[in-house]
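In order, the protein sequences belong to chains A and B.
What the first sequence shows, in the UniProt record's numbering, is residues 1 to 353, in sequence order.
What the second sequence shows, in the UniProt record's numbering, is residues 1 to 353, in sequence order.
There are 2 protein chains.
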Amino acid sequence: MMSLDDLETPIVLVDLDRVEANLQRAQDYADAHKLPLRPHIKTHKLPRFAKRQIELGAVGITCQKLGEAEVMADAGITDIFLPYNIIGASKLARLKALHERIAISVTADSSYVVDGLARTFTDPNHKLRVLVECDTGMGRCGVQTPWAAVELAQQIAAAPGLHFAGLMTYPAAGKVAENEEFLEKAKAALEAQGLAPDVISNGGTPDLWHAHDVGAASEHRPGTYIYLDRFQVAKGVGTLDDCALTVLATVVSRPTENRAIIDAGSKALTSDTLGMDGFGYIVGYPDARIVGLSEEHGTIDLSGSDKKPAIGERLRIIPNHACVVSNLFDNVTLISGDEVVETVPVAARGRVD
Amino acid sequence: MMSLDDLETPIVLVDLDRVEANLQRAQDYADAHKLPLRPHIKTHKLPRFAKRQIELGAVGITCQKLGEAEVMADAGITDIFLPYNIIGASKLARLKALHERIAISVTADSSYVVDGLARTFTDPNHKLRVLVECDTGMGRCGVQTPWAAVELAQQIAAAPGLHFAGLMTYPAAGKVAENEEFLEKAKAALEAQGLAPDVISNGGTPDLWHAHDVGAASEHRPGTYIYLDRFQVAKGVGTLDDCALTVLATVVSRPTENRAIIDAGSKALTSDTLGMDGFGYIVGYPDARIVGLSEEHGTIDLSGSDKKPAIGERLRIIPNHACVVSNLFDNVTLISGDEVVETVPVAARGRVD
Chain A
1 MMSLDDLETP IVLVDLDRVE ANLQRAQDYA DAHKLPLRPH IKTHKLPRFA KRQIELGAVG
61 ITCQKLGEAE VMADAGITDI FLPYNIIGAS KLARLKALHE RIAISVTADS SYVVDGLART
121 FTDPNHKLRV LVECDTGMGR CGVQTPWAAV ELAQQIAAAP GLHFAGLMTY PAAGKVAENE
181 EFLEKAKAAL EAQGLAPDVI SNGGTPDLWH AHDVGAASEH RPGTYIYLDR FQVAKGVGTL
241 DDCALTVLAT VVSRPTENRA IIDAGSKALT SDTLGMDGFG YIVGYPDARI VGLSEEHGTI
301 DLSGSDKKPA IGERLRIIPN HACVVSNLFD NVTLISGDEV VETVPVAARG RVD
Chain B
1 MMSLDDLETP IVLVDLDRVE ANLQRAQDYA DAHKLPLRPH IKTHKLPRFA KRQIELGAVG
61 ITCQKLGEAE VMADAGITDI FLPYNIIGAS KLARLKALHE RIAISVTADS SYVVDGLART
121 FTDPNHKLRV LVECDTGMGR CGVQTPWAAV ELAQQIAAAP GLHFAGLMTY PAAGKVAENE
181 EFLEKAKAAL EAQGLAPDVI SNGGTPDLWH AHDVGAASEH RPGTYIYLDR FQVAKGVGTL
241 DDCALTVLAT VVSRPTENRA IIDAGSKALT SDTLGMDGFG YIVGYPDARI VGLSEEHGTI
301 DLSGSDKKPA IGERLRIIPN HACVVSNLFD NVTLISGDEV VETVPVAARG RVD
């Protein structure tokens, strides 16, 4: 069997035992609170893990782009939520093709988007499920008030080929109460109009263990929970020992006493800081700081670290943000402990549209 | 002929006329100063542009990783400089295989690296060319003093299968004088030891038009000059109208008066700020600011912009850093004016090792 020493660096390692534990822990939590999970596959982009999520009890998956949904449908996934405004003739045609094959639902946050969907989907016997996206504090997409959600729901419900399926939000991390308030108000207002939502879909890993506190929500879409990362650990979702994705890198230079250069730069770790100091956590070197990245070099400041790695030494790095790392590598290497199980292509990598 | 309106977004556009003008301008400058160019292909990762750079007069190309060099060698490029510390049995074997096929040279900045090269390359009749990397102010890899460069050069020259070929630096932007001082001192010290360097290779686009001020340098390795980007424009290397690479995106949401959301996030533009405010420049909207990116959404603040784009409108964005954008997309679309010429795979994308 291959060991980690046989691998060329930089490379992405995914620890299968940790993946399984993270998936099981979240599903147990969801089951305990009777809150269906609809995991977001953007983190792993791998059909095998999407299937495992469903085996464990997930009601379906979430994809962020049509291209991801197409890959997952090709791999046999039959229930996909695409919480995105699908715009333009070509994308609407692709959505229609998916709708012919699998159960797919989308979101809208404006009349413009609903109009496009209504023109494309006209069959009252095979309606497209459309949820209204709500901005409950994130400041990204979404209608701004519960009343605007009702108005858009009415427009959806009035279109012969569309079914108003409910509400969706991606909440701001930490704003559990604001999120709950918005959704409760919208739900009540919808019910008053005879438009009770089938589903109220909430999301995110940072507040995963508080998902049941958003009482209005009827499903949750965590993504990063499968791998976790330095940011999620900082948010308290798990520990460093739960992180399943690491980048294996080699120290290629030790120009000074307190500087080490590794062969993993922004092409391996990305420049995402998510507001944190540095570009990742080096396993076994808690006081070493990754202070700079160029494309193919990472610069480590060892001034605070008594332990100093030598040239040629291999380091495992927990990235700040696992999802964006998955998107950089054509392949990831699945491991169990220190043994290599298999290297697999990241099937939905780079699906930007 | 296809027009930009026929393309799905987000997508990377590369303007061939601007590419040609940027390449020609740099080659003219280099010719005027009798300074050979050895362009870095990390920016474009496309064999066709590497070949064009050579047709215009470049003496060879630069790659940052073995995988990039392998792609370029497969495409017919015969002279490649790989300014990287190649470490480990597997990578040394790949380097050896390249050395059998093409003229390849590498760098070293420590005895550890030289030892590995010396063990692998032992044929005095087919020596590997090795340059000493010098840290002239960048704070990344490289020997720290001119005297350390001499010491390492002696070690290289003493190895039967290695040829000491000279010095290499990637200088800190703006530190032209410090760079020149280091290289002049090292050159003089080497000559005093009978180790006159064949080549002193300097790099970078930010100081491209000052490359001839580094009198010790005998070649220059610009990379980003082919496309330019928002950072290089800020450095004064060119204007916004010279930027050849743009990301075409669609406005998918206008949740508030002053917020627009586009379908290009960090998976299209990357989180690289390079110390600048925001994540790119929107052509035609000089006062709009891209203030946030999540993976598939870009958030634009329009509060300072009288002109406000509508949902469905397409925007062209000059990214902060063109090289990292090239690495995200499997394909780029070559254009001339507003006409689509061809969509081509980014052959050396994702070659991380």
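All C-beta atoms, glycine included, are put in the ideal place defined by N, C-alpha and C.
Among the options, the one whose alpha carbon lies nearest that of residue i
i: Arg289(B); options: Ile318(B), Glu295(B) and Ile311(B); result: Ile318(B)
i: Pro206(B); options: Ser326(B), Gln232(B) and Thr107(B); result: Gln232(B)
i: Thr261(A); options: Ala234(A), Leu195(A) and Glu295(A); result: The residue asked about is misnamed: residue 261(A) is Ile in this sequence, not Thr. That would be Glu295(A), whose Cα lies nearest to the Cα of Ile261(A).
i: Gly88(B); options: Asn202(A), Gln24(A) and Leu7(A); result: Leu7(A)
i: Ala50(A); options: Lys34(A), Asp74(A), Asp31(A) and Ala30(A); result: Asp74(A)
i: Gly223(B); options: Arg25(B), Leu37(B), Thr43(B) and Phe164(B); result: Thr43(B)
i: Asn125(A); options: Thr136(A), Gly76(A), Ile300(A) and Ala159(A); result: Ala159(A)
i: Trp147(A); options: Ala192(A), Tyr112(A), Val176(A) and Pro171(A); result: Ala192(A)
i: Ile102(B); options: Cys141(B), Asp109(B) and Arg129(B); result: Arg129(B)
i: Ala172(A); options: Phe279(A), Ile86(A), Asp198(A) and Gly137(A); result: Gly137(A)
i: Gly284(A); options: Leu248(A), Val237(A), Glu257(A) and Val291(A); result: Leu248(A)
i: Pro255(A); options: Glu339(B), Tyr112(B), Ile11(B) and Ala217(B); result: Tyr112(B)
i: Asn85(B); options: His40(B), Val71(B), Thr107(B) and Cys134(B); result: Thr107(B)
i: Glu257(A); options: Ser271(A), Ile300(A) and Ala268(A); result: Ile300(A)
i: Asp353(A); options: Met1(B), Pro10(B) and Met2(B); result: Pro10(B)
i: Arg297(B); options: Phe279(B), Gly304(B), Asn331(B) and Ala157(B); result: A small fix is needed here, since residue 297(B) is His in this sequence, not Arg. The option with the nearest alpha carbon to His297(B) is Phe279(B).
i: Val119(A); options: Arg48(A), Leu98(A), Val251(A) and Ile156(A); result: A small fix is needed here, since residue 119(A) is Arg in this sequence, not Val. The option with the nearest alpha carbon to Arg119(A) is Ile156(A).
i: residue 354(B); options: Val332(B), Gly166(B) and Asn202(B); result: As shown, chain B starts at 1 and ends at 353. That puts residue 354(B) outside it, with no answer to give.
i: Lys185(A); options: Val114(A), Gly215(A) and Leu162(A); result: Gly215(A)
i: Glu100(A); options: Val150(A), Val114(A), Gly350(A) and Thr122(A); result: Thr122(A)
i: residue 362(A); options: Leu117(A), Ala268(A), Asp306(A) and Leu293(A); result: With chain A covering only 1 through 353, there is no way to say anything about residue 362(A).
i: Tyr225(A); options: Val19(A), Ile311(A), Val12(A) and Leu4(A); result: Val19(A)
i: Thr145(A); options: Gly76(A), Leu183(A), Ala217(A) and Gln154(A); result: Leu183(A)
i: Lys46(B); options: Asp135(B), Arg259(B), Ser105(B) and Ile77(B); result: It should be pointed out that residue 46(B) corresponds to Leu in this sequence rather than to Lys. Among Asp135(B), Arg259(B), Ser105(B) and Ile77(B), the Cα nearest to that of Leu46(B) belongs to Ile77(B).
i: Ser110(B); options: Asn331(A), Val332(A), Leu35(A) and Gly312(A); result: Gly312(A)
i: residue 399(A); options: Lys308(A), Arg48(A), Asp135(A) and Ile200(A); result: Past the boundaries of the shown model lies residue 399(A); chain A is included only from 1 to 353, so the question cannot be answered.
i: Gly204(A); options: Ala149(A), Gly174(A), Pro197(A) and Asp198(A); result: Gly174(A)
i: Leu117(B); options: Asp135(B), Cys134(B) and Ser90(B); result: Ser90(B)
Cβ-based neighbour list, residue i, same chain, cut-off 7 angstroms, excluding 5 preceding and 5 following
i: Leu274(A); result: Phe231, Asn320 and His321
i: Val341(A); result: Leu16, Leu334 and Ile335
i: Thr239(B); result: Val233
i: Arg324(B); result: The displayed chain sequence assigns Val, not Arg, to residue 324(B). For Val324(B), where only same-chain residues beyond five positions count, the Cβ hits under 7 angstroms are Thr270 and Asp272.
i: Lys267(B); result: Glu295, Glu296 and Leu328
i: Ala153(A); result: Val132, Phe164, Leu190 and Leu195
i: Asp338(B); result: Ser3 and Leu4
i: Asp198(B); result: Ala165 and Gly166
Beta-bridge partners of residue i, as assigned by DSSP
i: Ile15(A); result: Reading the sequence as shown, one finds Asp at residue 15(A) and not Ile. Looking at the DSSP assignment, Asp15(A) forms a beta bridge with Ile335(A).
i: Tyr29(A); result: According to DSSP, Tyr29(A) bridges with nothing at all.
i: Leu7(A); result: Paired residue(s): none; Leu7(A) is not in a bridge.
i: Ile318(A); result: Tyr281(A)
i: Pro345(B); result: Asn331(B)
i: Val340(B); result: Ile335(B)
i: Arg289(A); result: Asp301(A)
i: Ile61(B); result: Ile80(B)
i: His40(B); result: Thr62(B)
Supposed close pair residue i, residue j - CB separation, criterion 8 angstroms
i: Ser326(B); j: Val346(B); result: 6 angstroms
i: Gly139(A); j: Thr169(A); result: In fact, because the Cβ distance is near 12 angstroms, the residues do not count as touching under 8 angstroms.
i: Ile282(B); j: Leu315(B); result: 5 angstroms
i: Lys127(B); j: Leu162(B); result: 6 angstroms
i: Glu68(A); j: Arg351(A); result: 5 angstroms
i: Glu70(B); j: Leu98(B); result: 7 angstroms
i: Val251(B); j: Ala310(B); result: 7 angstroms
i: Val114(A); j: Val332(A); result: Contact flag wrong, Cβ pair sits at about 38 angstroms.
Cβ shell of residue i (< 6 angstroms), same chain only, five flanking positions each side left out
i: Leu245(A); result: Val14, Tyr227 and Ala322
i: Leu94(A); result: One detail in the question is off: residue 94(A) reads as Arg in this sequence, not Leu. Within the same chain, Arg94(A) has close Cβ partners Leu66.
i: His40(B); result: Thr62, Arg221 and Gly223
i: Ala264(B); result: Pro10, Val247, Ala249 and Gly298
Beta-carbon proximity list for residue i, same chain, < 8 angstroms, skipping 5 on both sides
i: Leu37(B); result: Ala26, Gln27, Ala30, Gln53, Gly57, Ala58, Val59, Glu219, His220, Arg221 and Pro222
i: His210(B); result: Val176
i: Ala21(A); result: Asp242
Residue i: contacting residues in chain D (beta-carbon distance under 7 angstroms)
i: Thr107(B); result: Protein chains in the displayed structure are A and B, and chain D is not among them.
What residue ranges within the region 79–145 of chain A form continuous alpha helix (DSSP H) runs of no fewer than 4 residues, ordered along the chain?
89–101 and 111–120
For the region 148–204 of chain B, which segments carrying the alpha helix (DSSP H) assignment without a break, of at least 4 residues, lie completely within its bounds, in sequence order?
176–192
Which runs of the alpha helix (DSSP H) fall wholly inside the region 204–275 of chain B and span at least 4 residues, in chain order?
230–234 and 266–269
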